[in-house]
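Under the UniProt record's numbering, the sequence shown has 358 at position 358, and the numbering climbs by one with no breaks. Notes follow the structure.
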Amino acid sequence: MRWMPHLTSAKPDLHYNDNANLDVNDKMYKVRPVLDYIVGRFKQMYQPDKNICIGEGTMLWRGRPSFRVYNPQKPVKYGIKSYILCDSATGYCFNMKPYFGEGSSLPDIVFGLLDRLSGHGYTLYMDNFYNSVALCERLLEAQTNVCGTLRKNRGEPRVIRDLVKTDLGTGDKVVRHNDKVMVVAWQDKRLVKMVTTCHQDGMKKVDVWQKGHKDKVAQFKPECVVAYNSHMNGVDKLDQNISYYPFIRRSLNWSKKFVAYLFQMCMFNAYILYRARNPGGCNTLLKFIRSVVKSWTLKGHERKGSEVGEQVEEEEGASVEDGDLKDIQHTPRAPYNTDPESRLDGDLGRHKLCYLKPTMASKGTGSEHNRPLSLPPKIGNAYGAYGGCQDENFHSLMLVESLKHQCVMS
């Protein structure tokens, strides 16, 4: 895509805040107005479902800001990390907070992401990075249920803390509770520890894939494990969808790239809102993005009265290839076979057939093949005297003399 001339000239001087009043204590000062406005609109425009989840999202950045993170276990190893709260059903980003390093405790991060959702009976799913028994009790007092995995030494009972893999058989579990929080240790392929404030200690039958079976096999899992697997994928949905059609481009300035990252979230959240208000409208994220881009490129008098939903309904029968942007010219492919046709016509009359001498005259044992071939000194001197001579008798003479010398040595 080519930049328009006026955009090309404006891009190097694009700023989102006044650098004259730079706040050295605010690491996101460069993008603070945009970040606060977008996140505020996220929380204002959508009411999540009952189940919500917290995770991390990372924007790729290999520069050297002080808050860049490195995690070798993530697909995006270098970048700017953000804590994100999403709706588990749709992946809608309700709230986000960039990570700046030390300074905020885990309970403060969790309550900051919940914001106005705290105290309304939501069920929050988190992994073992955030969870602890003490945090679950605080959230329960704030009328928010919790379910998630649990790390060691996060307030669990001693009988569960000291468990190892060999103490339980496959499918066995140990449960402890204090009338508020329940901690479960369940043995699957490895030992899994869960903490929950909204589930019982019963087992639920699910169908899973197992090695060596063509069809799914029935297996019993704790209720909290089944619920966690079903509702802990909201942030993954967000990351997956914004990675399909990215419009982040290379930049020497992290702030420009981060704002583009926010715009990608805006586009996905707008698609979720559109689908909620127009169930029979656009059925793919790509069609929605193309319609939004088309509406942005219309002139002022053409844009008045036009809505994304009307444009999408008109294009409902059109395929992606037959969409709006028909003027895109793709680079033609090179032909797979660039050889001349005469090479494969089967006429070998004009080709000269040459005899290829085999590497070994006869087959023998491995010891014979691996025995080094010793050359007599006179052959080595003769080769040095011949230099680069191409005498046809030279190779035969060298082979005969070397075989004689080999027989004498053996």
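For every residue, glycine included, the Cβ atom is placed at its ideal position computed from N, Cα and C. Predicted model, so just to flag it, every value in this text is computed and none were measured.
| Item | Value |
| --- | --- |
| Could you tell me the boundaries of the beta strand (DSSP E) in which Leu-150 lies? | Unbroken run through Leu-150: none, as it is neither H nor E. |
| From Leu-22 to His-177, what does the alpha carbon distance come to, in whole angstroms? | 51 Å |
| Give me the DSSP bridge partner(s) of His-177. | Met-182 |
| Tell me where the beta strand (DSSP E) around Ala-87 begins and ends. | Checking the sequence shown, residue 87 turns out to be Asp, not Ala. Asp-87 -> beta strand (DSSP E) spans 78–87. |
| Compute the minimum distance between the beta carbon of Val-31 and the heavy atoms of the ligand MN, and state whether it is under 6 Å. | No copy of the ligand MN appears in this structure; indeed no ligand is present at all. |
| Give every residue of the same chain whose Cβ lies closer than 8 Å to the Cβ of Tyr-228, excluding the five residues on either side of it in the sequence, and list them in chain order. | Tyr-125, Cys-147, Gly-148, Thr-149 and Met-194 |
| Which term fits Arg-290, buried or exposed, when burial requires 16 or more other beta carbons within 10 angstroms of its beta carbon? | buried |
| Using only the alpha-carbon positions, how far apart do Leu-325 and Tyr-78 sit? | Residue confidence is low: Leu-325 scores 41 on pLDDT, short of 50, so the model does not pin down where it sits. Its coordinate-derived value is still stated next. Their backbone Cα atoms lie some 34 Å apart in a straight line. |
| Can you name the residues that DSSP bridges to Leu-191? | Gln-187 |
| If you follow the alpha helix (DSSP H) that Met-265 is in, where does it begin and where does it stop? | 254–277 |
| How is Asn-51 classed by DSSP in three states: helix, strand or coil? | strand |
| Quick one: Cα of Arg-116 to Cα of Thr-144, how far? | 12 Å |
| Whose C-beta lies closer than 6 Å to the C-beta of Leu-14 among residues of the same chain, with five residues either side of it excluded? | none |
| Roughly how many angstroms separate the alpha carbons of Met-28 and Leu-285, rounded to a whole number? | 30 Å |
| Output the distance between the C-alpha atoms of Val-206 and Arg-277, rounded to the nearest integer angstrom. | 34 Å |
| How far does the alpha helix (DSSP H) with Cys-93 in it extend, from its first residue to its last? | Taken as a continuous stretch (DSSP letters only), Cys-93 belongs to no alpha helix (DSSP H), being part of the beta strand (DSSP E) at 93–98. |
| Helix, strand or coil for Tyr-46 per DSSP? | coil |
| Within its chain, find whatever has a CB closer than 8 Å to the CB of Asp-215; leave out the 5 residues flanking it on each side and keep chain order. | none |
| With a threshold of 16 other CB atoms inside 10 Å of the CB of Pro-377, please say whether the residue is buried or exposed. | Its pLDDT being 46, under 50, Pro-377 is placed unreliably by the model, and nothing is read from it. |
| Just to confirm before moving on: does the CB-CB distance between Asp-49 and Ala-89 stay below 7 Å? | yes |
| Where do the N-terminal and C-terminal ends of the beta strand (DSSP E) with Tyr-244 fall, by residue? | Tyr-244 -> not in any beta strand (DSSP E); alpha helix (DSSP H) instead, spanning 234–244. |
| Provide the residue span of the beta strand (DSSP E) that contains Leu-124, from first to last. | 123–126 |
| Let me confirm a value: Tyr-83 is counted as buried when at least 16 other C-beta atoms fall within 10 Å, else exposed. Which label applies? | buried |
| Considering only C-alpha positions, which residue in the set Val-39, Ala-260 and Gly-63 is nearest to Leu-252? | Gly-63 |
| Assuming Val-235 contacts Gly-55 under a Cβ cut-off of 8 Å, what Cβ separation, rounded to an integer in Å, is found between them? | 3 Å |
| Name the residue from Ile-272, Val-293 and Ser-295 whose alpha carbon lies nearest to the alpha carbon of Phe-42. | Ile-272 |
| Please list, in chain order, all residues of the same chain as Lys-204 whose beta carbon is under 8 Å from its beta carbon, the five residues on each side excluded. | Phe-220, Lys-221, Pro-222, Glu-223 and Val-226 |
| Would you identify the three-state DSSP class for Leu-298, choosing helix, strand or coil? | coil |
| Please report the straight-line C-alpha distance between Asp-167 and Lys-180, rounded to a whole angstrom. | 26 Å |
| Determine the burial state of Met-45: buried for a count of at least 16 other Cβ atoms within 10 Å of its Cβ, exposed for fewer. | exposed |
| Quick one: what does DSSP say Pro-107 is sitting in, helix, strand or coil? | helix |
| Can you tell me whether DSSP reads Lys-204 as helix, strand or coil? | strand |
| Which term fits Val-208, buried or exposed, when burial requires 16 or more other beta carbons within 10 angstroms of its beta carbon? | exposed |
| So Gln-113 and Leu-139 are in contact, right, with Cβ under 8 Å, and what is the actual spacing, rounded? | For the record, residue 113 in the displayed sequence is Leu; it is not Gln. Incorrect: roughly 12 Å between the Cβ atoms, too far for contact. |
| Quick one: measure Cβ to Cβ for Tyr-99 and Lys-81, integer angstroms, because I've assumed they're closer than 8 Å. | 4 Å |
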